[in-house]
Amino acid sequence: MKIKSKKSIIAAIFSLFCLTAFAFDRPVVTNIYAEYSNGARITLMWTNPVNPEKPVTKYIIYRDTKPFTTFDDVNNATYVAHIPGTETGYTDTVKDLNDYFYAVLSFTDECYTVILPAMNATVKGVHVEGKKKNTTQSQKKETKSKYSEGTLRETPLPFLDLIEGLTESENTISSEAVKKASNLGLKSRKEKKTLEPYFFEEDMVSPERGDAYYLFQILTTAFVPGEYEESIVRLRKLTGTNITKEVERRSYFYLGESYYFTGDYENAVRAFVRIQEYFPEETKKWIESSLDHLEF
237 MKIKSKKSII
247 AAIFSLFCLT
257 AFAFDRPVVT
267 NIYAEYSNGA
277 RITLMWTNPV
287 NPEKPVTKYI
297 IYRDTKPFTT
307 FDDVNNATYV
317 AHIPGTETGY
327 TDTVKDLNDY
337 FYAVLSFTDE
347 CYTVILPAMN
357 ATVKGVHVEG
367 KKKNTTQSQK
377 KETKSKYSEG
387 TLRETPLPFL
397 DLIEGLTESE
407 NTISSEAVKK
417 ASNLGLKSRK
427 EKKTLEPYFF
437 EEDMVSPERG
447 DAYYLFQILT
457 TAFVPGEYEE
467 SIVRLRKLTG
477 TNITKEVERR
487 SYFYLGESYY
497 FTGDYENAVR
507 AFVRIQEYFP
517 EETKKWIESS
527 LDHLEF
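Every position in the sequence shown, counted from 1, becomes a number in this note's numbering once 236 is added.
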């Protein structure tokens, strides 16, 4: 009886070791936590994977008012940012006092579509702390006397060319300065290439009937003419019906393209990630291009 118990203990330890080793091989962050920082900011921290099977190139961060339990929860969450795979934290800025939960998805050469609560998804909601301004009567008097007339303006000057007392020639910024400032702005912007519409071979010829026929009709009457808003509405309706998996996956691909061409790159990424495992080569460039357009 003792021998059997000892073998059971050894087997349990071995299983735990294998499970731990597998967890460290997955390209997923661990030990995630979020905390209030200051102002309207929430700081998110995590531990990068120690020995991932493939190097992590970037992380995508999502926020929601409820905990993340599965990858499907990302579809209804708010995209926050994407950052390099070497980072171990991010500071988010929110606009209200809601409790927020976060998830961090890893990208290697593809998205790692796994949500593990307490590992790459927070399980405790965090909110910013509201702070009421309480100005005493003495502070009001001090402020009023501090900015007496003729000594200091109550508000900052909005533009250099509105300074009082200067002549018109003195108020005007030189054309050379304006040109240099414009060039600085242009240099800071990276030119982003827009992709061309992609079609699967199955959708190049009209089927006689079935789900593929309905998809073909949407493509020819909305997607091809560039009516992408209409295309989004009809494709979402089609994917919500009982259609074959093959047609559903292609529909999500065209849905991602439609979002992309309307400038809704966040939803474009969501659509492409959803069917990435079925079309890894086709979705890769669309995800990368969508993320490039999301950069500020």
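Note that the Cβ used here is the ideal one computed from N, Cα and C, for glycine as well.
Give the secondary structure of residue i by DSSP, where H, G and I count as helix, E and B as strand, and everything else as coil.
i, result
"Val340", "strand"
"Leu474", "helix"
"Leu352", "coil"
"Asp300", "strand"
"Thr456", "helix"
"Asp328", "strand"
"Asn284", "coil"
"Val362", "strand"
"Ile278", "strand"
"Tyr434", "coil"
"Val469", "helix"
In or out: residue i buried (at least 16 other Cβ within 10 Å) or exposed?
i, result
"Thr358", "buried"
"Lys272", "Sequence check: residue 272 is Tyr here, not Lys. The residue is exposed, with fewer than 16 neighbouring Cβ atoms inside 10 Å."
"Leu491", "buried"
"Ala507", "buried"
"Thr391", "At Thr391, the pLDDT of 47 sits below 50, so the modelled position is not reliable and the matter cannot be decided from this model."
"Val505", "buried"
Just checking my contact of residue i with residue j at CB under 8 angstroms: how many whole Å lie between their CB atoms?
i, j, result
"Tyr269", "Met281", "6 angstroms"
"Thr301", "Asp335", "7 angstroms"
"Val264", "Thr283", "That pair is no contact at about 10 angstroms."
"Val310", "Ala339", "7 angstroms"
"Ala206", "Tyr298", "Nothing about residue 206 can be read from this structure; the chain reaches only from 237 to 532."
Using only the alpha-carbon positions, how far apart do residue i and residue j sit?
i, j, result
"Ser342", "Glu493", "22 angstroms"
"Phe337", "Phe304", "7 angstroms"
"Glu482", "Ala448", "9 angstroms"
"Lys473", "Lys331", "32 angstroms"
"Trp522", "Glu289", "24 angstroms"
"Thr475", "Ser487", "7 angstroms"
"Ile351", "Ser526", "22 angstroms"
"Glu466", "Arg277", "37 angstroms"
"Thr477", "Asn503", "20 angstroms"
"Pro461", "Glu323", "42 angstroms"
"Ile454", "Arg470", "7 angstroms"
"Gly321", "Tyr450", "41 angstroms"
"Phe452", "Glu513", "23 angstroms"
Determine the extent of the alpha helix (DSSP H) in which residue i is found, giving its start and end residues.
i, result
"Ile523", "Pro516 to Leu530"
"Val310", "Where Val310 is concerned, there is no enclosing alpha helix (DSSP H), given that its DSSP letter is neither H nor E."
Can you tell me where the beta strand (DSSP E) with residue i in it begins and where it stops?
i, result
"Glu271", "Thr266 to Tyr272"
"Tyr495", "Tyr495 -> not in any beta strand (DSSP E); alpha helix (DSSP H) instead, spanning Lys481 to Thr498."
Taking 6 angstroms as the cut-off, is the CB of residue i close to at least one heavy atom of the ligand ATP?
i, result
"Lys360", "As far as ligands go, the structure on display features none, and thus does not contain the ligand ATP."
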